[in-house]
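Asker: In short: position in the sequence shown from 1, add 1, done, that's our numbering. Have a look at this one before I ask anything.
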Amino acid sequence: MKIQVNDNTDYWLQDFLTTGAWTTWQERAIVLPLTAGANIIRLTSATADGGPNIDYLRTEWTDEPIAEIYIAPEPETQPVSTTQTIYIAGDSTVQSYRASYAPQQGWGYYLGDYFNADAVTVSNQAIAGRSSKSFYDNGRLQTILDSMQKDDYLLVQFAINDAAYSNEERYAPVCGNVDNPTEGSYEWYMEKYIEGALEKGGTPILVTTVIGLKAYSNGQFVNSYTDYCNACKSMASKYNIPCIDLNTLMVNHYNAIGYDTAYTYHLIGAVEGSTDTTHFTETGANAVAGLVANAIKGLNLDISAQVK
């Protein structure tokens, strides 16, 4: 559906995939810039077949970044890349943001800067507001798999939105069983990413989620989302695939640089009036990308030698 807010001519394009049955309903969410008072949200079909059946609209406040407006892609003018590709599936802490969002940026935006460009290409498919569940349900994993080639890589970082128990679209709780995960659990969805990449002849690399400034206790940064991080590491162990414990890498890095410097890594330290202790500034995103790249360098993969 084409979504417009008030009199703005810019618009967003939101996917609504089939639920499989007329009696099956699902929630879809998008972050929009509403103003105080009355707003007009206009939804128009963007396909010849029309749009979905909509039962209700629900609004709630969030500090997540506003969804990026739709800009038609330019015609492909570059030859198809023959390099290995690192695809990234993730959330708003990983997403690449346009210049208009400055100083906000996600670590996936900078990852390619740490690799030799003639050998490795980074395709950052991360998007704000997604969990392992909603990224999969919205068809975004399938989009990656449709493009993925043998010997490519898939980095997967989720957890923050998976833990949103009040949000049906995102919630994917940890079940604690990697051998027989409960349907709908974080482990169950993570299997889709792992097995999908393996079936394509690629290598999945799991990444534990980032920390924010709230992961600070008694003068030290500490691990957060530990249930999800432990499940992530257990899934990697089960499939004998690489896992980057970014959560711990960030704890160690933040404790090394101190709270005041870590503060500048997040929007609260760069945007007047911001209370956002989760999302990164360009400085913070670049630093986290460096941690991920250095971890890849130590994994003894064929792309490890391509880290600058």
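C-beta atoms are modelled at their ideal positions from N, C-alpha and C, and glycine is treated no differently. Fair warning: this is a prediction, and the values are worked out from it, not measured in the lab.
Could you tell me whether the Cβ atoms of residue 238 and residue 173 are closer together than 7 angstroms?
Answerer: Working through the sequence shown from its first residue, we reach residue 238 at position 237. Working through the sequence shown from its first residue, we reach residue 173 at position 172. No, the Cβ-Cβ distance between residue 238 and residue 173 is not below 7 angstroms.
Asker: By alpha-carbon positions, which one of 247, 69 and 236 ends up nearest to residue 175?
Answerer: On the sequence shown, position 174 is the one that residue 175 refers to. For residue 175, the nearest C-alpha among the options comes from 236.
Asker: On the DSSP bridge assignment, give the partners of residue 90 in chain order.
Answerer: Position 89 of the sequence shown, counted from the first residue, corresponds to residue 90. Residue 90 is bridged to 157.
Asker: Please say whether residue 288 and residue 104 have beta carbons closer to each other than 7 angstroms?
Answerer: Walking along the sequence shown from the start, residue 104 turns up at place 103. Walking along the sequence shown from the start, residue 288 turns up at place 287. The answer is no: Cβ separation not under 7 angstroms.
Asker: Would you give the residue range spanned by the alpha helix (DSSP H) that residue 144 belongs to?
Answerer: Here the question's residue 144 lines up with position 143 in the sequence shown. Element bounds for residue 144: 141-148.
Asker: Indicate the three-state DSSP secondary structure (helix, strand or coil) for residue 126 in the structure shown.
Answerer: As a first step, residue 126 is located in the sequence shown; it is residue number 125 there, counting from the start. Three-state DSSP puts residue 126 in coil, outside helix and strand.
Asker: By alpha-carbon positions, which one of 228, 83, 165 and 41 ends up nearest to residue 58?
Answerer: Along the sequence shown, one-based indexing puts residue 58 at 57. That would be 41, whose Cα lies nearest to the Cα of residue 58.
Asker: What is the rounded straight-line gap between the Cα of residue 254 and the Cα of residue 9?
Answerer: Stepping through the sequence shown from its first residue, residue 254 is reached at position 253. Stepping through the sequence shown from its first residue, residue 9 is reached at position 8. Near 42 angstroms, if we compare the C-alpha coordinates of residue 9 and residue 254.
Asker: Curious, which full-length beta strand (DSSP E) runs of at least 3 residues does the segment 213-295 contain?
Answerer: Within the segment 213-295, no complete beta strand (DSSP E) run reaches 3 residues.
Asker: Can you tell which of 285, 151 and 309 has the C-alpha that lies nearest to the C-alpha of residue 296?
Answerer: By 1-based counting over the sequence shown, the position of residue 296 is 295. Nearest of 285, 151 and 309 to residue 296, Cα basis: 309.
Asker: By Cβ distance below 7 angstroms, which residues in the same chain neighbour residue 14 in space, the five residues on each side in sequence not counted?
Answerer: As a working note, residue 14 is residue 13 in the sequence shown. So the qualifying residues of the chain are 3, 47 and 71.
Asker: If you scan the segment 22-50 from start to end, which runs of the beta strand (DSSP E) of 3 or more residues do you find wholly inside it?
Answerer: Runs found: 42-45.
Asker: Using only the alpha-carbon positions, how far apart do residue 7 and residue 256 sit?
Answerer: If you number the sequence shown from 1, residue 7 lands on position 6. If you number the sequence shown from 1, residue 256 lands on position 255. Looking at the two C-alpha atoms, the distance is approximately 45 angstroms.
Asker: From the DSSP secondary-structure annotation, give me the bridge partner or partners of residue 204.
Answerer: One-based indexing of the sequence shown puts residue 204 at position 203. Looking at the DSSP assignment, residue 204 forms a beta bridge with 154.
Asker: Near residue 170, which residues of its chain fall below 6 angstroms by C-beta distance, leaving aside the five closest residues on each side in sequence?
Answerer: For the purposes of this step, residue 170 is identified with residue 169 of the sequence shown, where counting begins at 1. These residues qualify, in order along the chain: 28, 30 and 135.
Asker: Excluding the 5 residues preceding and the 5 following residue 222 in the sequence, name in chain order all residues of the same chain whose CB lies nearer than 6 angstroms to its CB.
Answerer: On the sequence shown, position 221 is the one that residue 222 refers to. Around residue 222: 216, 252, 255 and 256.
Asker: Between the segment 224-236 and the segment 179-190, do three or more beta carbon pairs fall short of 8 angstroms?
Answerer: Touching, per the Cβ criterion.
Asker: Which residue's Cα is closest to the Cα of residue 300: 269, 208 and 69?
Answerer: In the sequence shown, residue 300 corresponds to position 299, counting from 1. Considering only alpha carbons, the answer is 208.
Asker: Have a look at 56, 65 and 33 and flag the residue whose alpha-carbon is nearest the alpha-carbon of residue 23.
Answerer: Locating residue 23 in the sequence shown gives position 22, where the first residue counts as 1. The option with the nearest alpha carbon to residue 23 is 56.
Asker: Less than 7 angstroms between the beta carbons of residue 54 and residue 97, yes or no?
Answerer: Numbered from its first residue, the sequence shown carries residue 54 at position 53. Numbered from its first residue, the sequence shown carries residue 97 at position 96. Cβ distance not < 7 angstroms, so residue 54 and residue 97 don't count as in contact.
Asker: Using 10 angstroms around the beta-carbon of residue 164, count the other beta-carbons present and answer buried if the total reaches 16, otherwise exposed.
Answerer: Start at 1 with the first residue of the sequence shown, and residue 164 comes out as number 163. Buried, since its Cβ has 16 or more Cβ neighbours within 10 Å.
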